[in-house]
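J.:
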Amino acid sequence: GQQLNQSPQSMFIQEGEDVSMNCTSSSIFNTWLWYKQDPGEGPVLLIALYKAGELTSNGRLTAQFGITRKDSFLNISASIPSDVGIYFCAGPDSGNTPLVFGKGTRLSVIA
Amino acid sequence: EAGVTQFPSHSVIEKGQTVTLRCDPISGHDNLYWYRRVMGKEIKFLLHFVKESKQDESGMPNNRFLAERTGGTYSTLKVQPAELEDSGVYFCASSQGFAKSPLHFGNGTRLTVT
């Protein structure tokens, strides 16, 4: 099956800083999803991208679907302590098949 | 609206024992999924129910894992006998039947096999 590579694996940033993380695939994805997992909870969908080149925002979060369809990035502006968690990219392996997830980027915010 | 609920939240068992995890999806959601995350790894698909039928169980690791969804409501995932490598967080998710309907995840069951 397809694999998604996320980078960086972890990041430590100061409160107020901007954050950028990305996700790449060796094959084409038609949908990119970004999830966040808070400690002790399940992943929650942040942003869904359905078209190459699409740029979508959700509050301080912005995600883009790469033109090649093999990558996506997620930016968080002006980070706050509650941004702490693990961010996962995901997409369907192909067609209607179940989601494939990356290994996640663990974000720590230092107040 | 109640979210996806999973029980128990934590389970510690010895190798060779049996454990049953339960998932109650959001009411009205026909699709129910089981996923597992081993520490530091990706969240991996196990299987997918549509109502009471197994749509895709290609991710089930081996025949020690048995999933059921009686009456198309709640689902159980039984591991028998448990092995050390079964440790991880087991997530259940549900979604409605239409295309692109988002997955709603439960908080997971953290399973530790010693």
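The listed protein sequences correspond, in order, to chains A and B. What the first sequence shows, in this note's numbering, is residues 12 to 122, in sequence order. What the second sequence shows, in this note's numbering, is residues 626 to 739, in sequence order. Each residue gets a CB set at the ideal place from its N, CA and C atoms; glycine is no exception.
Can you tell which of A:56, A:61, A:19, A:79 has the C-alpha that lies nearest to the C-alpha of residue 72 of chain A?
T.: Cα-wise, what sits closest to residue 72 of chain A is A:56.
J.: Which word fits residue 89 of chain A, buried or exposed, when buried means at least 16 other C-beta atoms lie within 10 angstroms of its C-beta?
T.: Result: exposed.
J.: Tell me, to the nearest whole angstrom, how far the beta carbon of residue 9 of chain A is from that of residue 681 of chain B; I am working on the premise that it is less than 8 Å.
T.: With chain A running from 12 to 122 in the structure shown, residue 9 of chain A is simply not present.
J.: Is residue 658 of chain B close to chain A? Criterion is C-beta to C-beta, closer than 8 Å.
T.: For residue 658 of chain B, the answer is yes, since a Cβ of chain A falls inside 8 Å of its Cβ.
J.: Rounded to whole angstroms, what is the Cα-Cα separation between residue 652 of chain B and residue 694 of chain B?
T.: Their backbone Cα atoms lie some 14 Å apart in a straight line.
J.: Within its chain, find whatever has a CB closer than 6 Å to the CB of residue 75 of chain A; leave out the 5 residues flanking it on each side and keep chain order.
T.: Closer than 6 Å at Cβ, skipping near neighbours: 66, 84.
J.: Nearest-angstrom Cα distance between residue 628 of chain B and residue 650 of chain B?
T.: Computed Cα separation, rounded: 7 Å.
J.: Between which residues of its own chain and residue 38 of chain A is the CB-CB distance below 8 Å, once the five residues before and five after are set aside?
T.: So the qualifying residues of the chain are 13, 81.
J.: Quick one: which chain A residues come within Cβ less than 7 Å of residue 673 of chain B?
T.: Within chain A, the residues near residue 673 of chain B are 109.
J.: Show which residues of chain B have a CB atom less than 8 Å away from the CB atom of residue 84 of chain A.
T.: Residues of chain B passing the Cβ test: none, with the nearest at roughly 18 Å.
J.: Whole beta strand (DSSP E) runs in the segment 49-93 of chain A with 3 or more residues, listed along the chain?
T.: Fully enclosed beta strand (DSSP E) runs of 3 or longer: 54-60, 66-69, 72-76, 82-87.
J.: Along chain B, which residues have their Cβ under 7 Å away from the Cβ of residue 51 of chain A?
T.: Here the neighbours are 732.
J.: Who are the Cβ neighbours of residue 691 of chain B in its own chain at under 6 Å, not counting the five residues just before and after it?
T.: Here the set comprises 703.
J.: Excluding five sequence neighbours on each side, which residues of the same chain lie with their C-beta closer than 6 Å to the C-beta of residue 637 of chain B?
T.: Around residue 637 of chain B: 737.
J.: What's the C-alpha gap between residue 707 of chain B and residue 719 of chain B?
T.: C-alpha separation (whole angstroms): 25 Å.
J.: Please go through the same chain and pick out, in chain order, the residues whose beta-carbon is closer than 6 Å to the beta-carbon of residue 697 of chain B, but skip the five residues on each side of it.
T.: Counting only Cβ-Cβ distances below 6 Å, and skipping sequence neighbours, we find 676, 677.
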